[in-house]
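Position in the sequence shown (from 1) plus 17 gives the number in our numbering. Where is the CB? At the ideal position from N, CA and C, for every residue including glycine. What follows is a single structure, written as structure tokens, with notes after it.
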Amino acid sequence: MAKHSKNAHESLWSTPAPEVLRATDTTRIDDIDYSLTPGFEGKKVDGQALLAERGAVLSALQEKLYANGRTGDLRSILLVLQGMDTAGKGGMVRHVIGMVDPQGVDLASFGVPTKQEREHHYLWRIRKELPRGGRIGVFDRSHYEDVLVVAVHDLVPRQVWEARFDEINAFEKELTDEGTHIVKVALFVSPEEQRRRLQERLDRPDKHWKYNPGDVTERGFLPQYRTAYQRVVDRTNTDYAPWHVIQADRKWYSRLAVTELLIDALQKLELDWPKADFDVEHEKKRLAES
Ligand code: AMP
Ligand code: MG
């Protein structure tokens with residue numbers, strides 16, 4: 018196993034994750050190479066060891082964000098996780114977000130809209146779950162379902178979902194202006210790996226709860242989903258809320274990559290520990306005398 022110096026992430030990543038994974042005008046969902054670990058030179062053992070190390074860095078930064086939130090800083094991070102079933106969204110929450118203090122996390126998952134949700138604008142349920150100041154918000158699925166599954170299955174007329182791209186961009190701009198740093202991640206598994214993961218869910222009684230017969234139906238729509246994701250990337254890859262497209266056949270890689278994206282987002286906030294709003298020396302004296 019490779020030795021990990023303090024700066025192992027710098028030597029094992031030939032190109033930093035935020036740079037190599039960021040979607041561009043030429044990103045093609047159809048051309049994702051599932052055999053690659055873009056930008057990362059190490060092997061699985063290196064990736065796993067590095068994840069633990071970087072988890073500590075992430076956790077320390079998150080504590081600072083939380084501390085600032087407690088003293089009135091309204092800034093937050095919002096991690097938007099998109100991907101089809103078995104892409105590893107749940108594992109991302111458990112293994113990456115699981116490395117930080119749960120007090121500082123606002124987690125929400127979005128499934129088929131409830132009757133009440135359907136009575137409102139599609140952003141209504143999203144707005145209710147936005148992260149509070151000082152928190153890392155995590156969306157397991159998001160408002161993007163309203164231009165993905167909705168488009169693939171014609172749940173509303175095309176002109177309706179077409180209009181949503183501009184609306185989503187405006188919404189995310191508003192959030193950004195209010196101090197929410199948005200990190201958008203689209204996870205993709207290859208059809209073969211998806212089959213393997215669904216098979217495992219059927220073979221293992223402890224995984225039956227994750228299986229949904231509809232998942233196999235959705236597999237029949239993979240090309241349509243790729244088209245829908247391509248449209249999402251083409252239409253909503255803004256400079257204030259860019260997409261990151263991550264091949265997720267190797268869970269260790271996608272988890273490490275998202276950890277790096279979060280660290281990068283937190284570092285950009287240039288956080289410091291909040292200043293005491295009391296006289297520290299005076300308090301020390303009082304404590305000594307108490
Ligand atoms: P899961 O993530 O496995 O709990 O599945 C949630 C399901 O809800 C997925 O099949 C999504 O496509 C579906 N879903 C999420 N948001 C919407 C939406 N706005 N309209 C229709 N289906 C949705
Ligand atoms: Mg599912």
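Can you check whether the CB of V275 is closer than 7 Å to the CB of M109?
As a first step, residue 109 must be located in the sequence shown, where it is residue number 92. As a first step, residue 275 must be located in the sequence shown, where it is residue number 258. Yes, they are a contact pair.
Residues passing the C-beta test against the ligand MG heavy atoms, cut-off 7 Å
Those residues are D102, K227, N229 and D232, given in chain order.
Residue span of the alpha helix (DSSP H) that contains F188, given as start and end
Along the sequence shown, one-based indexing puts residue 188 at 171. First-last of the alpha helix (DSSP H) with F188: R181 to D194.
For G151 and G86, believed in contact at Cβ under 8 Å, the rounded distance
As a working note, residue 86 is residue 69 in the sequence shown. As a working note, residue 151 is residue 134 in the sequence shown. The C-beta distance from G86 to G151 rounds to 1 Å, short enough to meet the 8 Å contact threshold.
Distance, K145 Cα to L204 Cα:
Indexing the sequence shown from 1 puts residue 204 at position 187. Indexing the sequence shown from 1 puts residue 145 at position 128. One C-alpha to the other measures close to 24 Å.
Less than 7 Å between the beta carbons of K201 and V97, yes or no?
As a working mapping, residue 201 is identified with position 184 in the sequence shown. As a working mapping, residue 97 is identified with position 80 in the sequence shown. Contact flag set, yes.
Taking all protein chains shown into account, decide if H170 is buried (16 or more other Cβ within 10 angstroms of its Cβ) or exposed.
The residue labelled residue 170 in the question sits at position 153 within the sequence shown. The residue is exposed, with fewer than 16 neighbouring Cβ atoms inside 10 Å.
Buried or exposed for P35, going by 16 or more other Cβ atoms inside 10 Å?
Walking along the sequence shown from the start, residue 35 turns up at place 18. Within a 10 Å sphere around the beta-carbon of P35 sit 16 or more other beta-carbons, which makes this residue buried.
Could you give the distance in angstroms between the alpha-carbon of H26 and the alpha-carbon of L67?
Translated into the one-based positions of the sequence shown, residue 26 becomes position 9. Translated into the one-based positions of the sequence shown, residue 67 becomes position 50. Each residue's Cα considered, the two are about 7 Å apart.
I'd like the ranges of any beta strand (DSSP E) spanning at least 3 consecutive residues and lying wholly in the stretch 186 to 248.
If we require 3 residues or more, the beta strand (DSSP E) runs fully inside the stretch 186 to 248 come out as 197 to 205.
A19 - DSSP class collapsed to helix/strand/coil:
Taking the sequence shown and counting its residues from 1, the one referred to as residue 19 is at position 2. Low confidence applies to A19: its pLDDT is 48, below 50, so where it sits in the model is not reliable enough to give any reading.
Considering only residues of the same chain and omitting the five flanking positions on each side of E189, which have a CB-CB separation below 8 Å?
As a position in the sequence shown, residue 189 is number 172, starting the count at 1. The residues are I199, T253, T255, Y257 and A258.
At a cut-off of 6 Å, would you count V166 as near the ligand AMP, judging by its Cβ distance to the nearest heavy atom?
The residue labelled residue 166 in the question sits at position 149 within the sequence shown. Yes.
Segment contact flag, the stretch 128 to 145 with the stretch 227 to 234, C-beta cutoff 8 Å, min 3 pairs:
Under the 8 Å Cβ criterion, the stretch 128 to 145 does not count as touching the stretch 227 to 234, having fewer than three qualifying pairs.
In terms of alpha-carbon separation, which member of V206, L82, W30 and D296 lies closest to P148?
For the purposes of this step, residue 148 is identified with residue 131 of the sequence shown, where counting begins at 1. The option with the nearest alpha carbon to P148 is L82.
Member of I46, V74, E210 and A77 whose CA lies at the smallest distance from the CA of W260
Counting from one through the sequence shown, the residue named residue 260 turns up at place 243. For the residues I46, V74, E210 and A77, the minimum Cα distance to W260 belongs to I46.
Please find out if some non-hydrogen atom of the ligand AMP comes closer than 6 Å to the beta-carbon of V110.
Taking the sequence shown and counting its residues from 1, the one referred to as residue 110 is at position 93. V110: no, Cβ never under 6 Å from the ligand AMP.
Tell me whether E162, by its Cβ, gets closer than 6 Å to a heavy atom of the ligand AMP.
Within the sequence shown, numbered from 1, the residue matching residue 162 stands at position 145. In this structure, the C-beta of E162 approaches the ligand AMP to less than 6 Å from one of its heavy atoms.
Simplified DSSP assignment, three categories, for R39
Counting from 1 along the sequence shown, the entry for residue 39 is found at position 22. Looking at R39 - three-state DSSP - the assignment turns out to be strand.
For G100, is the beta carbon positioned less than 6 Å from some heavy atom of the ligand AMP?
As a position in the sequence shown, residue 100 is number 83, starting the count at 1. Not under cutoff, so the answer is no.
Secondary structure of H138, DSSP reduced to three states
On the sequence shown, residue 138 is found 121 positions in, with the first residue counted as 1. H138: coil per DSSP, three-state reduction.
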